[in-house]
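For reference, the structure discussed in these notes is given below.
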Amino acid sequence: MNDTRVCMQFPGREILLIGTAHVSRESIAEVDRVIRESRPAMVCVELDAGRFAAISQQDAWEKLDLVKAFREGKGFLLMANLALASFQRRMGMELGVKPGEEMKTAVDTAQELGIPYALCDREVQLTLRRAWSRCGLWSKCKLLAALVSSAFSREKLNPQEIEELKSRNELDGMMRELAQYLPRVKETLIDERDRYLGVKIWTAGPGLEASPVPEKKVVAAVVGAGHLKGIKAHIEAIAQGREDTDITELDTIPARSAAAKLVPWLLPVFLGILIALGFFISGAGVSLTMLAKWLLLNGSLAALGALIALGHPLTILASFFGAPVGTLSPLISVGFFSGVVEASLRRPRILDTQTLFDDILSIKGIYRNRISKALLVFLLSSLGGAIGNFISIPALAGLLLP
């Protein structure tokens, strides 16, 4: 049996898993060939509706309302999406293959042959939001750092090395490394999706009634090679009655615990206590000095972040005055103010959406493109405000000492 293909026999149906490398000419050819040779009754692909539209229409970023995204608190999610897209884009450019082309080929071939197809992956924004919600502050920083470093890495991979990513041992090693680095993200991005995909592939069975070949109940599923082992295990568990097919919980954002909801308020409460102690211990003068010092540190470093990102002058001012508000009201982030103002004053142009994935491959391009630049303003002003708060705690505490 081919290492990138798994055939599973069950009463009344057969499931054929086709593992692919996401930027590989060989994978594209293999997907087309296997579907034509096996003539399955149903084709499942590791895509959600949004990613399929992005691959097919190439206009997802043209429809993006950046100001609305910042207002809805989706700045970090947009950055994560862009970093992932940048990584795949860079690899695709090196090999002359568009990311996701093997999935699109599976759908195109199915349509050509009159075979029903199903999009079986979880919506990517939901996956990222679940991963994000399970990360603490440090894990979020590590996740963003990993995404950014992947996006701008200049490591060269040749087609043979990409094909070697199909090796089960290599992929298992990658999974173990990811699990050690960010266990919670690994669980959401890999383990949960293995189960989600397994359930969707298994429950695609009822659609077999529409098959142009009624007597052949074969489901062909095109998935990333790294998911083969996990999907196979979940499908077998479902077939044996050890797992159910209810994945409602995987389609929701986990509710935060009471403790998690309190954490963002600890900093403003602690700052308030320090300033109040300054008033009672040393008088109003020291208390006002502490307040001014915090406002200066917090606002100045947030503004510095916006300045480094070459934000609009009004964006820099918004960062300065918005940082303290963002600290005192954790429901509103510093990046909310800077991102909204920058995106409002420098609205993305059609050209920016058309050149976005080329521009993000270089520092010069990031600063030139209004979409990536607004996201950079959002990131650096948020980072500056956070550093300002971190520095201000010992600085204010020092004012209380005799």
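Under my numbering, residues 109 to 510 are what the sequence shown spells out, in order.
Note that CB positions come from ideal geometry on N, CA and C, so glycine has one too.
Remember, it's a predicted structure, so these values are computed and weren't measured experimentally.
So residue i and residue j are in contact, right, with Cβ under 8 angstroms, and what is the actual spacing, rounded?
i	j	result
residue 404	residue 505	Not really, about 16 angstroms apart at Cβ, beyond 8 angstroms.
residue 394	residue 179	Not quite, the Cβ-Cβ distance comes to about 38 angstroms (not below 8 angstroms), so this is no contact.
residue 241	residue 362	6 angstroms
residue 190	residue 480	7 angstroms
residue 478	residue 502	That pair is no contact at about 38 angstroms.
residue 346	residue 310	5 angstroms
residue 511	residue 214	Any property of residue 511 remains undetermined from this structure, which presents the chain solely from 109 to 510.
residue 183	residue 484	That pair is no contact at about 11 angstroms.
residue 366	residue 142	So it is not a contact: roughly 51 angstroms between Cβ atoms.
residue 427	residue 444	About 10 angstroms; that fails the 8 angstroms criterion.
residue 157	residue 226	Contact flag wrong, Cβ pair sits at about 11 angstroms.
residue 114	residue 340	5 angstroms
residue 217	residue 147	The pair is not a contact, with the Cβ atoms about 10 angstroms apart (cut-off 8 angstroms).
DSSP on residue i, reduced to helix/strand/coil?
i	result
residue 350	coil
residue 122	strand
residue 296	helix
residue 282	Note on residue 282: pLDDT 47, under 50, position unreliable in the model; the coordinate value appears next. Helix at residue 282.
residue 332	strand
residue 226	strand
residue 147	coil
residue 133	helix
residue 179	helix
residue 127	strand
residue 364	coil
residue 113	strand
residue 505	helix
residue 319	Because residue 319 sits at a pLDDT of 47, beneath the cut-off of 50, its placement in the model cannot be relied upon, and the following sentence gives the value as read from the coordinates. Reduced to three states, the DSSP call for residue 319 is coil.
residue 275	Low local confidence applies: a pLDDT of 48 at residue 275 is under 50, so the model's placement there is unreliable, with the coordinate-based value given in what follows. DSSP places residue 275 in coil when its eight states are reduced to three.
In whole angstroms, give me the CA-to-CA distance for residue i and residue j.
i	j	result
residue 136	residue 349	34 angstroms
residue 493	residue 407	7 angstroms
residue 452	residue 175	6 angstroms
residue 233	residue 211	19 angstroms
residue 423	residue 495	19 angstroms
residue 160	residue 235	16 angstroms
residue 326	residue 360	31 angstroms
residue 149	residue 231	25 angstroms
residue 373	residue 358	29 angstroms
residue 497	residue 229	40 angstroms
residue 379	residue 364	24 angstroms
residue 298	residue 134	24 angstroms
residue 294	residue 508	44 angstroms
residue 282	residue 461	Below a pLDDT of 50, predicted positions are generally treated as unreliable, and residue 282, at 47, falls in that range; the measurement from the model is reported next regardless. Cα-Cα distance, rounded: 33 angstroms.
residue 243	residue 300	15 angstroms
residue 302	residue 206	24 angstroms
residue 352	residue 474	46 angstroms
residue 519	residue 296	Because the chain in this structure spans residues 109 to 510, residue 519 falls outside the shown range and cannot be described.
residue 208	residue 487	28 angstroms
residue 120	residue 163	34 angstroms
residue 420	residue 500	26 angstroms
residue 377	residue 187	30 angstroms
residue 275	residue 116	Low confidence applies to residue 275: its pLDDT is 48, below 50, so where it sits in the model is not reliable enough to give any reading.
residue 375	residue 291	27 angstroms
residue 392	residue 384	9 angstroms
residue 277	residue 112	Legend: pLDDT at residue 277 = 37, less than 50; position of this residue unreliable, value from coordinates given subsequently. When rounded, the distance between both Cα atoms is 12 angstroms.
residue 304	residue 409	43 angstroms
residue 370	residue 222	55 angstroms
residue 343	residue 437	46 angstroms
residue 123	residue 132	23 angstroms
residue 177	residue 219	35 angstroms
For chain B, is any of its Cβ atoms less than 9 angstroms away from the one on residue i?
i	result
residue 178	Structure shown: chain B not included; a single protein chain is present.
Taking 8 angstroms as the cut-off, is the CB of residue i close to at least one heavy atom of the ligand MN?
i	result
residue 496	In the structure on display, the ligand MN does not appear, and there are no ligands present to speak of.
Suppose only complete runs of 4+ residues qualify. What are the alpha helix (DSSP H) ranges in the region 408–495, listed by chain order? As far as the region 408–495 is concerned, its whole alpha helix (DSSP H) runs of at least 4 residues are 421–436, 442–453, 458–467, 471–476.
Check whether the region 398–418 and the region 140–156 are in contact - that is, three or more C-beta pairs closer than 8 angstroms. Counting Cβ pairs under 8 angstroms, fewer than three are found: no touch.
Does the region 323–339 come within contact of the region 109–128, defined as at least 3 CB pairs closer than 8 angstroms? The region 323–339, when compared against the region 109–128, does touch it at the 8 angstroms Cβ threshold.
Quick test of the definition: if touching needs 3 or more C-beta pairs under 8 angstroms, does the region 387–401 touch the region 427–439? At 8 angstroms Cβ cutoff, the stretches do not touch.
Whether or not the region 459–470 and the region 384–394 are in contact is what I'm after, with contact meaning three or more pairs of Cβ atoms, one per stretch, closer than 8 angstroms; do they touch? Not touching, per the Cβ criterion.
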